[in-house]
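Novice: In the UniProt record's numbering, the protein residues as written are 1 to 370. Idealized CB from N, CA, C, for every residue including glycine. Encoded as structure tokens, here's the structure I'll be asking about.
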């Protein structure tokens, strides 16, 4: 701190920049942080030894003498990005609460400081930024959210912090991939680089996600790939096994652009992943789409024939029921209709009896005369 004061007293440009266009205030915010994996933020070629406990004092001193707290380097990194990289909570609070640095400021990739806290595995800083109203669903230039970063890095602690702050882990990037699909692609890349430790961390994240969201296990990206379809197409047997343990359907069908229906086995075979295809078939009963389509077609035909048979039978029975009252009514008319005598009918009967008596008397008279 005394050396910094000496430079200031000697009228050194307080906002002087290095080859990366970074100022002393940015280096103070980073507190000597060194990240060999980041192409955007390196201290490899510069001898810096700033102690974390003095970083706040250095920031305060630089700001007092007019340092620009909003300056960004050639990759649009700000002092706040640097503090998030280093995981320095006090610097972050000072930059946001006192120096009004924008918490949603973005670098060349569209990353906010929250992204850097996650990729550098600082869950406490992630929580701090969220408490200071950082957006958990911010999208970068590729449409990736902080959740994409946490899941693909296998960073379970940061993912849990994000989810507690209402982060949506089911947002797609610009390629149409959910974080889970991006994680499976990362597993395949790590496998080719023999980075098995990170893969174990990603597997733990996958299990955690589907424990909380079992109904999402067969979710499809914009290419209609479920996580299991994607893992099978990449030949990732271990990933397939974990997804099946989590409840993935071994024979789930997806529809391709050519209107073909394909199972994970189909995609494994199509991408020349014979070992994965055989694993799915012989260990988990996987089938090919064409065979399943024939099975389903026969089942549909059988159900249709049974439906027609039931419909015909019910129609015949209904007709019988409808005709039964008519037949009974007809029989009642024929066999059990009562004779109702009216006044006119009585007169007619009396007349007929009188005519009959007259005819009988006439016959008797003729017989007597003869």
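#1: Answer with buried or exposed for residue 184, where buried requires no fewer than 16 other C-beta atoms within 10 angstroms of its C-beta.
#2: Tell me where the alpha helix (DSSP H) around residue 283 begins and ends.
#3: Note down the Cα distance separating residue 124 from residue 252, rounded to an integer number of angstroms.
#4: Report back the beta-carbon spacing between residue 63 and residue 84 to the nearest angstrom; my notes put them in contact at under 8 Å.
#5: What are the start and end residues of the alpha helix (DSSP H) that includes residue 65?
#6: Applying the criterion that 16 or more other CB atoms from any shown protein chain within 10 Å of the CB defines a buried residue, is residue 147 buried or exposed?
#7: Considering just the uninterrupted stretch of the alpha helix (DSSP H) at residue 27, what are its terminal residues?
#8: Is it right to say residue 273 is buried, meaning 16 or more other beta carbons lie within 10 angstroms of its own, or is it exposed?
#9: Thinking just about the alpha-carbon of each residue, which of 207, 214, 220 and 257 is nearest to the one in residue 238?
#10: Tell me whether the segment 184–200 and the segment 155–162 touch, counting them as touching only if at least three CB pairs, one residue from each stretch, are closer than 8 Å.
#11: Which residues share a DSSP beta bridge with residue 116?
#12: Of the choices 142, 140, 94 and 249, whose alpha-carbon is the least far from that of residue 128?
#13: In the DSSP output, what is residue 255 paired with across the bridge?
#14: Below 8 Å between beta carbons: does that hold for residue 204 and residue 154?
#15: If you check the beta carbons only, do residue 256 and residue 229 fall under 8 Å apart?
#16: With respect to the alpha helix (DSSP H) encompassing residue 13, which residues constitute its N-terminal and C-terminal limits?
#17: Once you ignore the five residues that flank residue 339 on each side, which residues in its own chain have a CB closer than 6 Å to its CB?
#18: Could you tell me the distance, in whole angstroms, from the CA atom of residue 169 to the CA atom of residue 215?
#19: By Cβ distance below 7 Å, which residues in the same chain neighbour residue 266 in space, the five residues on each side in sequence not counted?
Specialist: Checking against the coordinates, here is how it stands:
#1: The count along the chain shown starts at 1 and reaches residue 184 at position 184. It counts as buried.
#2: Taking the first residue of the chain shown as position 1, residue 283 is located at position 283. Judged by DSSP secondary structure, residue 283 falls within the alpha helix (DSSP H) whose first and last residues are 274–284.
#3: As a working note, residue 124 is residue 124 in the chain shown. As a working note, residue 252 is residue 252 in the chain shown. For residue 124 and residue 252, the distance between alpha carbons rounds to 40 Å.
#4: Walking along the chain shown from the start, residue 63 turns up at place 63. Walking along the chain shown from the start, residue 84 turns up at place 84. Not a contact, Cβ separation roughly 18 Å.
#5: One-based indexing of the chain shown puts residue 65 at position 65. From DSSP, residue 65 is part of no alpha helix (DSSP H); its letter is neither H nor E.
#6: Looking up residue 147 in the chain shown gives position 147. Buried, because 16 or more other Cβ atoms sit within 10 Å of the Cβ of residue 147.
#7: By one-based count along the chain shown, residue 27 stands at place 27. Residue 27 -> alpha helix (DSSP H) spans 24–30.
#8: Along the chain shown, one-based indexing puts residue 273 at 273. Burial call: buried.
#9: As a first step, residue 238 must be located in the chain shown, where it is residue number 238. The shortest Cα separation from residue 238 among 207, 214, 220 and 257 belongs to 207.
#10: With the rule of 3 Cβ pairs closer than 8 Å, the segment 184–200 does not count as touching the segment 155–162.
#11: Position 116 of the chain shown holds residue 116. Paired residues: none, contrary to the question.
#12: Here residue 128 refers to the residue found at position 128 when the chain shown is read from its first residue. Of the candidates 142, 140, 94 and 249, the one whose C-alpha sits nearest the C-alpha of residue 128 is 94.
#13: Counting from 1 along the chain shown, the entry for residue 255 is found at position 255. Residue 255 is bridged by DSSP to 261.
#14: Walking along the chain shown from the start, residue 204 turns up at place 204. Walking along the chain shown from the start, residue 154 turns up at place 154. A contact, by the Cβ cut-off of 8 Å.
#15: Against the chain shown, residue 256 aligns to sequence position 256. Against the chain shown, residue 229 aligns to sequence position 229. Not a contact, by the Cβ cut-off of 8 Å.
#16: Looking up residue 13 in the chain shown gives position 13. Where residue 13 is concerned, there is no enclosing alpha helix (DSSP H), given that its DSSP letter is neither H nor E.
#17: Taking the first residue of the chain shown as position 1, residue 339 is located at position 339. Any reading at residue 339 is ruled out, since the residue's pLDDT is 48, under 50, leaving its predicted position unreliable.
#18: Numbered from 1 along the chain shown, position 169 holds the residue referred to as residue 169. Numbered from 1 along the chain shown, position 215 holds the residue referred to as residue 215. Roughly 14 Å between the two C-alpha positions.
#19: The sequence position of residue 266 within the chain shown is 266, counting from 1. These residues qualify, in order along the chain: 288 and 289.
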